[in-house]
Each structure stands twice: as structure tokens, then as C-alpha cells.
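Protein sequences appear in the order of chains A and B. Per the working numbering, the first sequence starts with residue 1, numbered consecutively. Per the working numbering, the second sequence starts with residue 1001, numbered consecutively.
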Amino acid sequence: DGGITQSPKYLFRKEGQNVTLSCEQNLNHDAMYWYRQDPGQGLRLIYYSQIVNDFQKGDIAEGYSVSREKKESFPLTVTSAQKNPTAFYLCASSISGGSSYEQYFGPGTRLTVT
Amino acid sequence: AQSVTQLGSHVSVSEGALVLLRCNYSSSVPPYLFWYVQYPNQGLQLLLKYTSAATLVKGINGFEAEFKKSETSFHLTKPSAHMSDAAEYFCAVSVWMDSSYKLIFGSGTRLLVRP
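If you want it as C-alpha cells, here you go:
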């Protein structure tokens, strides 16, 4: 079955530690995205990538970093510079960055930092 | 700036009643619009999308939405609610920004279904 996997489902970290969230897709999609979701809010775009070895900042990129070394993979690192990292993180992909193409979402990773 | 407004953070209906979730958008060009559903602690699943082919769009699970340009609306409806429809619903618009298309999401509407 094709889809997007995110691991782990739940992640706990101490304040001051960097943490990397995994996102893998086998849909052969060119574009991949990372969103942050907080209670009562919509999704906010952190980073996105249209092709391998290229990515752009979204609306709330500060304190996050990404890489896109392979088409299938788009890991997100939450650094210690992120002031409020506790949130639900969603990875998505689409065929390309074209306007009519829907995004497919992974199951999400819930990160708790204490 | 282009945006999406979902009226009502919570909507409660009885099982079997009509479901109506409201979405209004602002866009300077013909938009591409989407409705997604999210069950607790899960990712988003596409319900339906509008891409200008037809103003009434049918989606999965018996949902449909009607694009009304004059009202800049894309409301989601279902004739008869099931308990399994209880979830959060997000409306989104695709916008051209910073040399690429991005999805702008509304803040979501949580649907509660009473037995």
C-alpha cells in the first residue's frame, strides 16, 4: 500500500534537546510538506520541498530545520531554539506543487517537550 | 492576503440530522478548494476538492460541497449525520505564494454527533 509514514507516533524530550521527526512516502510524490498543529488552530506550514535537495521556509520556520536528500524522505529537526515545540506535527506530500493537487497526510507525531 | 474562514469552532447535530459546516474564502483568482477530515490523533484525509469542473462536488462518506462564487463560499453538507462523522473538519484553499502553491487552512470545525 502506498502512503506516508511518520515515526514515532509519540515523542517525549527534555527542553534543550534537538529531536528529529521522520517522514517517509512511497507515493513517488515530488513535493513534501511539514505542518504544525496546535489545539483550536488550523495547520501552519513549517517547511516545504518541491524537489530533492531543495526546500523553502514556510510561515513558522524559526527553530526548525529540514533536509531532502532523497525523494522519499523529508525529516524535520526541532531544535532547542524553538520556543514552544510541544505540538502535533504532520507531514504531507503531493504529486507536485501544482494548485489542483491535493496533499496526502501522514498519521502525525505528537511531540511533548518538558 | 488570501484566507479561509470557518464559522463555528464547534457544531453539534443529532444523529440523522443535516450536517452543515461553513467555509468562506478570500481569493483574488479562481480558487482550488479542499475539505479534509481529521479523526482524533490522526492525520488529515481528503473528503473532496473543487477544481472548477463543477460547482457541486461529491466526496467520500456521503459528503458534498457547493462552490458559490458570488458568496465566496464552499460549505460542506451531509443529509444525515452518523455517529462515525464525529471529527474535526478543515477547509483549505490553494494559493500562489513565494513562487509555489500552498494550502491555507481554516481553523477547523469540530463536529459533535448526539445519539
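From the three backbone atoms N, C-alpha and C, an ideal C-beta is built for every residue, glycine too. Remember, predicted model here, so these are calculated numbers, not experimental data.
Which same chain residues end up closer than 7 angstroms to residue i when comparing Cβ atoms and leaving out the 5 residues on each side of it in sequence?
i        : result
L1046(B) : F1034, Y1036
F55(A)   : Y47, Y48, S49, V66, R68
Checking 9 angstroms against the spacing of the C-beta atoms, do residue i and residue j come in under that value?
i        : j        : result
I51(A)   : W34(A)   : no
L1103(B) : A1086(B) : no
T5(A)    : P107(A)  : yes
G63(A)   : T86(A)   : no
Looking only at its own chain, which residues have a Cβ that is under 8 angstroms from the Cβ of residue i, when we skip the five neighbours before and after it?
i      : result
I60(A) : R36, R44, L45, I46
So, with DSSP's three-state summary, where would you put residue i?
i        : result
D54(A)   : strand
I60(A)   : coil
Y33(A)   : strand
V1029(B) : coil
E1015(B) : coil
Can you check whether the C-beta of residue i is within less than 9 angstroms of a C-beta belonging to chain B?
i       : result
I116(A) : The question about residue 116(A) has no answer here: the residues shown for chain A are numbered 1 through 114.
S100(A) : yes
F12(A)  : no
Y48(A)  : yes
Y104(A) : yes
Quick check: is the beta carbon of residue i nearer than 9 angstroms to any beta carbon in chain A?
i        : result
V1057(B) : no
L1111(B) : no
In its own chain, which residues sit with a C-beta less than 6 angstroms from the C-beta of residue i, not counting the 5 before and 5 after it?
i        : result
S22(A)   : S7, P75
G1022(B) : A quick correction: the sequence has Arg, not Gly, at residue 1022(B). For R1022(B), where only same-chain residues beyond five positions count, the Cβ hits under 6 angstroms are L1007, H1075.
A966(B)  : This structure leaves residue 966(B) out entirely; chain B is present only between 1001 and 1115.
I95(A)   : H29, Y101
Which runs of the beta strand (DSSP E) spanning at least 3 residues fall entirely within the region 1034-1106 of chain B, listed in chain order? 1044-1050, 1056-1058, 1064-1068, 1073-1078, 1087-1097, 1100-1105
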